[in-house]
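K.L.:
Residue numbers (the UniProt record's numbering): 1 to 159.
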Amino acid sequence: MTPRIETITDKKLVGKRITMSYANYRIGELWGSFMPRRREITNNLTNDLISLVVYSPIHFVDFKLTNEFERWATVEVENFNNVPDTMETFILSGGLYAVFNYKGMSSGASAFFQYIYSEWVPNSDFTLDNRAHFEVLGEKYKNNDPSSEEEIWIPIKAK
1 MTPRIETITD KKLVGKRITM SYANYRIGEL WGSFMPRRRE ITNNLTNDLI SLVVYSPIHF
61 VDFKLTNEFE RWATVEVENF NNVPDTMETF ILSGGLYAVF NYKGMSSGAS AFFQYIYSEW
121 VPNSDFTLDN RAHFEVLGEK YKNNDPSSEE EIWIPIKAK
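1) Taking Trp-153 as the reference, which of Tyr-117, Pro-146 and Pro-122 has the closest Cα?
2) Provide the residue(s) that pair with Ala-109 in DSSP beta bridges, ordered along the chain.
3) Pull up the distance between the alpha-carbon of Gly-95 and that of Asn-144, whole angstroms please.
4) If you draw a straight line from the C-alpha of Lys-159 to the C-alpha of Pro-36, how long is it?
5) Give a yes or no on contact between the segment 10 to 20 and the segment 79 to 89, applying the rule of three or more CB pairs nearer than 8 Å.
6) Just list the residues that DSSP pairs Lys-12 with in beta bridges.
7) Determine the extent of the alpha helix (DSSP H) in which Trp-31 is found, giving its start and end residues.
8) With DSSP as the reference, identify every bridge partner of Ile-50, one or two as the case may be.
9) Can you give me the C-alpha to C-alpha distance between Asn-101 and Asn-67, rounded to a whole angstrom?
10) Quick one: grab the DSSP three-state call for Pro-122.
11) Compute the beta-carbon to beta-carbon distance between Tyr-141 and Ser-148, rounded to the nearest angstrom, for a pair I have assumed lies under 8 Å.
12) For Arg-38, collect the residues of the same chain with a Cβ closer than 7 Å to its Cβ; drop the 5 residues on either side in sequence, then sort them by chain order.
13) With DSSP collapsed to three states, give me the class of Tyr-117.
14) Using three-state DSSP, classify Arg-131 as helix, strand or coil.
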């Protein structure tokens, strides 16, 4: 489970967001409200979906299942000229990311994330950076399918 390390530039995203915690995980509600309307976004740069999380700076320092965060369901766009009603814009800050490939059902993802945050990050030459974390759900992504594949992007900076 060795990630590739990538530097990206800022990305413009359009989508929907809700506040949740891992104790009150409302991901189905978020994607259920976004997916029927995603075709209203007309200036997509790709067909990929981006599932994005904005954590507070102390989220992982004092981790509790009840810590709240923002979860976004988005797509990357060329510009913000045509944002559908009830959707919002987000600028994903560029920078250094560790990119992990995940294959499997979403039910196994929590163990994968636990490995990243409790094993890989502490034993790497990096620390977490205070920028958005995100997953790219591309053409190989199949919700709740054992053959599903996605990329997990973790913001990092040198120790």
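Every residue gets a Cβ at the ideal spot worked out from N, C-alpha and C, and that includes glycine.
P.N.:
Taking the coordinates as given:
1) Looking at the Cα atoms, Tyr-117 is the closest of the given residues.
2) Ala-109 is not bridged to any residue.
3) Looking at the two C-alpha atoms, the distance is approximately 30 Å.
4) Approximately 42 Å, taken between the alpha carbons.
5) yes
6) Ile-91
7) 27 to 34
8) Thr-74 and Val-136
9) 26 Å
10) Helix at Pro-122.
11) Approximately 6 Å separates the beta-carbon atoms of Tyr-141 and Ser-148; this is inside 8 Å, confirming the contact.
12) Val-75
13) helix
14) coil
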